[in-house]
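Comments concern the structure below.
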Amino acid sequence: MYHNTTARFNAYVQARDLMLEAEKSLFESRKENFEYVLPLMLPIDSNQTAMVGQQIAGIIKKASMVPERHQNSKWVDDAYLLIGRARLYKEDFPNAIETFKYINTKSDNADARHAALIWLMRAYVEQGDNAAGLRVADYLRQEALNKANTRNYYLTKAYLHQQQEEYAIATAILEETFKLMPKSFQKGRTHFATAQMYELLGKADRAMYHYGQVKKNNPNYELAFYADLNGSL
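With our numbering applied, the sequence shown corresponds to residues 1 to 233, in that order.
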């Protein structure tokens, strides 16, 4: 109980909150170009990540305390996952990949292993190794994922195919993904990117449908404006 409580509140929660803060800052500082297909996930750029370098360093420092001081706690897997994500945002691909593989090899928790593999797939995509990403995706396809991991798996796999301009596959995956996404700005943005891909596929009806869904999911002014503009063309 001591190790679980101390690991959670003295290290893991603080690292998790720093991650949420860093990701929020990165997302809010993005510069969208609506003339091109919006990436389903914001491509990782260490130059952009430099703006949250202090938080990233803090995540690694705080999360590392869990396995170093509280090996018996139930938060070790979660801490390693935060460390891997922080390394990924730094574009430290070798160490990020090694961390995600370590979780998959050592964890007794299926959900933690699946989450690590989804982030491993993302790391391969960001590194440009789509073949390795697809191998991970094929493995996960046969696993029983929980709802959150299923949603993240679909989004990451759709992102992989989007990066390869395989829009038919990406949109087919996204049609299933929307059922798992709560109403949010992120869902609206994903609808917009899906509509853009349908346009490139020559499927105007599906594009119009997804542009119409944007305004039902809390878009900001800019996203709503371009959804209306594109949806009326």
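All C-beta atoms, glycine included, are put in the ideal place defined by N, C-alpha and C. Small disclaimer: the values here were computed from a predicted structure and weren't measured.
Runs of beta strand (DSSP E) lying entirely within the segment 159-210, each at least 3 residues, in chain order: none
Buried versus exposed, by CB contacts within 10 Å (16 or more), Pro-182: exposed
7 Å CB neighbourhood of Thr-239 in its chain, flanking five on each side removed: Because the chain is modelled from 1 through 233, residue 239 falls outside the range shown and cannot be assessed.
Cutoff 7 Å; reference Glu-143; Cβ partners in own chain excluding five residues on either side: His-114
Where the alpha helix (DSSP H) containing Arg-113 begins and where it ends: For Arg-113, the uninterrupted alpha helix (DSSP H) segment begins and ends at 110-127.
Option nearest Lys-90 by Cα separation, candidates Asp-138, Pro-39, Met-19: Met-19
Distance CB(Ala-261)-CB(Ile-83) smaller than 8 Å: The requested residue 261 does not occur in the structure, where the chain is confined to residues 1 to 233.
Close beta carbons around Ala-172, own chain, < 6 Å, minus the five adjacent residues each side: none
Exposed unless 16 or more other CB atoms sit within 10 angstroms - verdict on Pro-94: The Cβ neighbour count for Pro-94, taken over all protein chains shown within 10 Å, is under 16; the residue is labelled exposed.
For Leu-140 and Ile-118, believed in contact at Cβ under 8 Å, the rounded distance: 7 Å
Rounded C-alpha distance that separates Tyr-208 from Tyr-198: Note that residue 208 is Met in the sequence shown, not Tyr. The straight-line gap from Cα to Cα measures roughly 9 Å.
Proximity winner among Val-136, Ala-96, Leu-201, Arg-206, relative to Glu-175 (alpha-carbon distances): Arg-206
Rounded C-alpha distance that separates Ala-195 from Pro-67: Rounded to the nearest whole angstrom, the CA to CA distance from Ala-195 to Pro-67 is 44 Å.
C-alpha gap between Ile-33 and Gln-162, whole angstroms: Per the sequence shown, the amino acid found at residue 33 is Asn instead of Ile. The straight-line gap from Cα to Cα measures roughly 16 Å.
Three-state class that DSSP yields for Ser-46 in the structure shown: helix
Contacts around Gln-127, its chain only, beta-carbon distance under 6 Å, and the 5 residues preceding and following it disregarded: Phe-93
Integer Cβ distance of Ser-25 from Met-41, believed to fall under 8 Å: At roughly 16 Å, the Cβ-Cβ gap does not stay under 8 Å, so Ser-25 and Met-41 are not in contact.
Residue ranges of each alpha helix (DSSP H) within the segment 68-109, 4 or longer: Qualifying alpha helix (DSSP H) stretches, in chain order: 76-89, 93-106.
Own chain residues within Cβ distance below 8 Å of Gln-55, not counting five before or after: Leu-18, Met-19, Glu-21, Ala-22, Ser-25
Residues of its chain near Asn-149, where Cβ-Cβ distance is below 8 Å and the 5 sequence neighbours each way are ignored: Asp-111, His-114, Ala-115, Ile-118
Helix, strand or coil at Asn-149 according to DSSP, with G and I counted as helix: helix
Same chain, Cβ closer than 6 Å to Ala-86, neighbours up to 5 away in sequence not counted: Cβ within range, chain order: Ile-56, Ile-59, Ile-60.
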